[in-house]
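Participant: Residue numbers (my numbering), protein chains in the order written: chain X, 7 to 85; chain H, 7 to 85; chain A, 43 to 182; chain Z, 43 to 182. Glycine included, C-beta positions come from ideal geometry on N, C-alpha and C. First the structure, which I've put down as structure tokens, then a few questions once you've had a look.
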Amino acid sequence: MIQILFFGPVAELTGVRELAADFHSGMRLQDVVANLQNRYADAFRGVSFISVNNRQVRDQLIVLNDGDEIAFMAKFSGG
Amino acid sequence: MIQILFFGPVAELTGVRELAADFHSGMRLQDVVANLQNRYADAFRGVSFISVNNRQVRDQLIVLNDGDEIAFMAKFSGG
Amino acid sequence: MTAVRIQLEDFSQDAELLALRAGSQRMGGIATFIGCARDFSEGREVSEISFDAYGSMALVEMNNLRSEAIIKFGLLDARLVHRIGIIGAGEQIVFIAAGAEHRAAAFDACRWLIDELKQRVPIWKKEITPSGDSWVTQHP
Amino acid sequence: MTAVRIQLEDFSQDAELLALRAGSQRMGGIATFIGCARDFSEGREVSEISFDAYGSMALVEMNNLRSEAIIKFGLLDARLVHRIGIIGAGEQIVFIAAGAEHRAAAFDACRWLIDELKQRVPIWKKEITPSGDSWVTQHP
Numbered sequence: 007m008i009q010i011l012f013f014g015p016v017a018e019l020t021g022v023r024e025l026a027a028d029f030h031s032g033m034r035l036q037d038v039v040a041n042l043q044n045r046y047a048d049a050f051r052g053v054s055f056i057s058v059n060n061r062q063v064r065d066q067l068i069v070l071n072d073g074d075e076i077a078f079m080a081k082f083s084g085g
Numbered sequence: 007m008i009q010i011l012f013f014g015p016v017a018e019l020t021g022v023r024e025l026a027a028d029f030h031s032g033m034r035l036q037d038v039v040a041n042l043q044n045r046y047a048d049a050f051r052g053v054s055f056i057s058v059n060n061r062q063v064r065d066q067l068i069v070l071n072d073g074d075e076i077a078f079m080a081k082f083s084g085g
Numbered sequence: 043m044t045a046v047r048i049q050l051e052d053f054s055q056d057a058e059l060l061a062l063r064a065g066s067q068r069m070g071g072i073a074t075f076i077g078c079a080r081d082f083s084e085g086r087e088v089s090e091i092s093f094d095a096y097g098s099m100a101l102v103e104m105n106n107l108r109s110e111a112i113i114k115f116g117l118l119d120a121r122l123v124h125r126i127g128i129i130g131a132g133e134q135i136v137f138i139a140a141g142a143e144h145r146a147a148a149f150d151a152c153r154w155l156i157d158e159l160k161q162r163v164p165i166w167k168k169e170i171t172p173s174g175d176s177w178v179t180q181h182p
Numbered sequence: 043m044t045a046v047r048i049q050l051e052d053f054s055q056d057a058e059l060l061a062l063r064a065g066s067q068r069m070g071g072i073a074t075f076i077g078c079a080r081d082f083s084e085g086r087e088v089s090e091i092s093f094d095a096y097g098s099m100a101l102v103e104m105n106n107l108r109s110e111a112i113i114k115f116g117l118l119d120a121r122l123v124h125r126i127g128i129i130g131a132g133e134q135i136v137f138i139a140a141g142a143e144h145r146a147a148a149f150d151a152c153r154w155l156i157d158e159l160k161q162r163v164p165i166w167k168k169e170i171t172p173s174g175d176s177w178v179t180q181h182p
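Right, dumping it as structure tokens:
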């Protein structure tokens, strides 16, 4: 399974904070992104950062592993 | 009376923290300075600032008033 | 009490500084920053602020910031605490402390830490106002 | 508890910041500086530091600094506390806090206040070391 997380302004637009996606071998980050972007077009307009396992990732061609945690995040506004 | 104050490194060299000097009309700061410089030559080599009534003074020609408080001070090292 | 935390509760500067100073008596200067919830922002009254965080990643980033600052500025120690949840106007949000032998490094590090925290730590704030709520977009 | 003080006793940041924040809920950023007695200076161990002050003039200068900083940096409030007497290694000496709507002004003011305090406030420190005492000459 791939765990998908939304927070703050993105979560408000998706209406959910967590999703699970089936994992299949050779799965790339871009596959997850394409699927979700389709489902949550509004929310994804506000996505500025993507992380895999707590680390920001820019290259959507990276291959995922079973159990990965992916977060889609708006620009930060803490502090 | 003119009240004379020493602090910190200056007081350590004069051996006193307070002195009183007789006031006379027309008395100038330089009169007090000359007198003390003579008496406490060592201590006065360390004097960097002079204040009259809590205010730094550079012009030793200023005329004093009865009751003035004069302090002879080394460079500050607080904080 | 660890040096980097995300928590609902308010924090005590006395407790944080005691912990910071406990590590070294060579610490001559400590600079701190406390961010508070303002009752007014962008021309509107704000009654409270709601914070959401990606907790695990935020902790990783805050720990990275602490380690980087210690090396970059030669600090003796540093601490970062960020609150989440609902924070009323006037209340404390974030605490940063940087301790060094001399004050210049402490000031430089403290300022760098809060600037970087705002850029790098996944926390989001929503202002709750009498005329509605809105997520804040950072103006750097 | 007045905003500018010279005192023998230690101070509490919690108490100072509570007093600072009480004045305004528009305060978004507070920068503080705490100076501590280092156990090592100029290559020598220091066991304690003895402070002497020209109290009345020091208070006048510290109050002037506070007023100047509030105007110069557009602060909402500021506080300055300096201890005198004997202060052991690792203990707190001086506290400065500057509160503003935004953090840049708070940081700039806090740094300016401690820099100016060292130049303008009549306080003198003597380091007490195992090999003898010596008055400190400020290196700016």
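Show which residues of chain H have a CB atom less than 9 Å away from the CB atom of Z/Ile165.
Facilitator: By Cβ distance, chain H contributes Phe13, Gly14, Phe82, Ser83, Gly84 and Gly85.
Participant: In angstroms with no decimal places, state the Cα-to-Cα distance between Z/Val163 and Z/Ser176.
Facilitator: Straight-line Cα distance between these residues: approximately 20 Å.
Participant: Are at least three pairs of beta-carbons, each pair with one atom in the stretch 76 to 84 of chain H and one in the stretch 151 to 166 of chain Z, less than 8 Å apart?
Facilitator: Segments in contact, yes.
Participant: Can you tell which of Z/Glu133, Z/Ala64 and Z/Gly141 has its C-alpha closest to the C-alpha of Z/Phe93?
Facilitator: Out of Z/Glu133, Z/Ala64 and Z/Gly141, Z/Glu133 has the C-alpha closest to the C-alpha of Z/Phe93.
Participant: Taking the alpha-carbon of X/Tyr46 as reference, which of X/Gly73, X/Ile10 and X/Val63 has the nearest alpha-carbon?
Facilitator: Comparing Cα-Cα distances from X/Tyr46 to each of X/Gly73, X/Ile10 and X/Val63, the minimum goes to X/Ile10.
Participant: Which residue or residues does DSSP assign as beta-bridge partners of X/Lys81?
Facilitator: Per DSSP, none; premise fails for X/Lys81.
Participant: Report the rounded CA-to-CA distance for A/Ala73 versus X/Asp48, giving the unit in angstroms.
Facilitator: If I take the Cα positions, the gap works out to 42 Å.
Participant: With DSSP collapsed to three states, give me the class of Z/Phe149.
Facilitator: Z/Phe149 falls in the helix class under three-state DSSP.
Participant: Which of the three DSSP states is assigned to Z/Ala45 in this structure?
Facilitator: DSSP places Z/Ala45 in coil when its eight states are reduced to three.
Participant: Does the pairing of the stretch 123 to 140 of chain Z with the stretch 80 to 93 of chain Z give three or more beta-carbon distances under 8 Å?
Facilitator: Output reads yes: the stretch 80 to 93 of chain Z touches the stretch 123 to 140 of chain Z.
Participant: Please work out which residues of its chain come closer than 8 Å, Cβ to Cβ, to X/Ala26, disregarding the five sequence neighbours upstream and downstream, and give them in chain order.
Facilitator: For X/Ala26, where only same-chain residues beyond five positions count, the Cβ hits under 8 Å are Met7, Ile8, Gln9 and Ile10.
Participant: Using a beta-carbon distance below 9 Å, is H/Phe55 in contact with chain Z?
Facilitator: It does; some Cβ of chain Z falls within 9 Å.
Participant: Using a Cβ-Cβ distance cut-off of 9 Å, determine whether A/Leu62 contacts chain X.
Facilitator: Answer no: the Cβ-Cβ gap between A/Leu62 and chain X never drops below 9 Å.
Participant: Name the residues in the stretch 146 to 159 of chain Z whose C-beta lies less than 7 Å from a C-beta of chain H; which are they?
Facilitator: So the list reads Ile156 and Leu159, given in the order they occur along the chain.
Participant: Can you find a CB in chain X that lies within less than 9 Å of the CB of A/Arg161?
Facilitator: According to the sequence shown, residue 161 of chain A is Gln rather than Arg. Closer than 9 Å: yes.
Participant: Cβ atoms of A/Cys78 and Z/Met69: under 9 Å apart, would you say?
Facilitator: Yes, the pair counts as a contact, with Cβ atoms nearer than the cut-off.
Participant: Is the stretch 27 to 39 of chain X touching the stretch 53 to 68 of chain X, taking contact as three or more C-beta pairs under 8 Å?
Facilitator: Enough Cβ pairs lie closer than 8 Å, so yes.
Participant: Using a C-beta to C-beta distance shorter than 7 Å, which residues of chain Z count as neighbours of A/Phe82?
Facilitator: The answer, in chain order, is Arg68.
Participant: Could you give the C-beta distance for A/Asp119 and A/Gly141, rounded to a whole number, given that I count them as a contact under 8 Å?
Facilitator: Indeed they touch by this definition, with Cβ atoms about 5 Å apart.
Participant: Would you say A/Phe93 lies against chain X (beta-carbon separation less than 9 Å)?
Facilitator: Taking Cβ atoms only, chain X reaches closer than 9 Å to A/Phe93, which makes this a yes.
Participant: Under 9 Å, do Z/Glu143 and A/Arg80 count as touching if we go by C-beta distance?
Facilitator: Yes, the pair counts as a contact, with Cβ atoms nearer than the cut-off.
Participant: Verify whether the separation of the beta carbon atoms of H/Phe29 and H/Asn71 is less than 9 Å.
Facilitator: Cβ atoms of H/Phe29 and H/Asn71: closer than 9 Å.
Participant: Which word fits A/Leu60, buried or exposed, when buried means at least 16 other C-beta atoms lie within 10 angstroms of its C-beta?
Facilitator: A/Leu60 is exposed by the Cβ-count criterion.
Participant: Taking the alpha carbon of Z/Pro172 as the point to measure from, which residue in Z/Leu107, Z/Ser83 and Z/Gln67 has its own alpha carbon closest?
Facilitator: It is Z/Ser83.
Participant: Of the residues Z/Asp150, Z/Ala146 and Z/Ala139, which one's Cα is nearest the Cα of Z/Ile76?
Facilitator: It is Z/Ala139 whose Cα lies nearest to the Cα of Z/Ile76.
Participant: On the criterion of 16 or more Cβ atoms from any shown chain inside 10 Å, does Z/Ala46 qualify as buried, or is it exposed?
Facilitator: Here residue 46 of chain Z is Val; the residue named in the question, Ala, does not match the sequence. Per the 10 Å Cβ criterion, buried.
Participant: Measure the C-alpha to C-alpha separation of H/Ile76 and A/Gly71 and round it to an integer number of angstroms.
Facilitator: So the two alpha carbons sit approximately 33 Å from each other.
Participant: How big is the Cα-Cα spacing for Z/Thr44 and H/Asn44?
Facilitator: Going from the Cα of Z/Thr44 to the Cα of H/Asn44 covers about 42 Å.
Participant: Would you check if the distance between the CB atom of X/Gly85 and the CB atom of A/Ile135 is smaller than 9 Å?
Facilitator: It is a contact, given that the beta carbons lie within the stated cut-off.
Participant: Contact defined as beta carbons within less than 8 Å: I believe Z/Leu62 pairs with Z/Leu122. What is the distance between those atoms, to the nearest angstrom?
Facilitator: The Cβ separation is near 11 Å, so there is no contact.
Participant: Do you know how far the Cα of Z/Asp52 is from the Cα of H/Phe12?
Facilitator: Taking the straight line joining both Cα atoms gives about 26 Å.
Participant: Count the other C-beta atoms from every protein chain shown that fall within 10 angstroms of the C-beta of A/Val178, then say buried if there are 16 or more, exposed otherwise.
Facilitator: Classification of A/Val178: buried, given that the 10 Å Cβ count is 16 or more.
Participant: Hey, does H/Glu24 have any beta-carbon neighbour from chain Z nearer than 9 Å?
Facilitator: Closer than 9 Å: no.
Participant: With DSSP as the reference, identify every bridge partner of Z/His124, one or two as the case may be.
Facilitator: According to DSSP, which records beta bridges pairwise, Z/His124 is partnered with Z/Ile48 and Z/Val136.
Participant: X/Val63 and X/Met33 - do their beta-carbons sit closer together than 9 Å?
Facilitator: Cβ distance not < 9 Å, so X/Met33 and X/Val63 don't count as in contact.
Participant: By the criterion of Cβ-Cβ separation under 9 Å, what are the contact partners of A/Ile170 in chain Z?
Facilitator: In chain order: nothing, as chain Z lies at least about 14 Å away.
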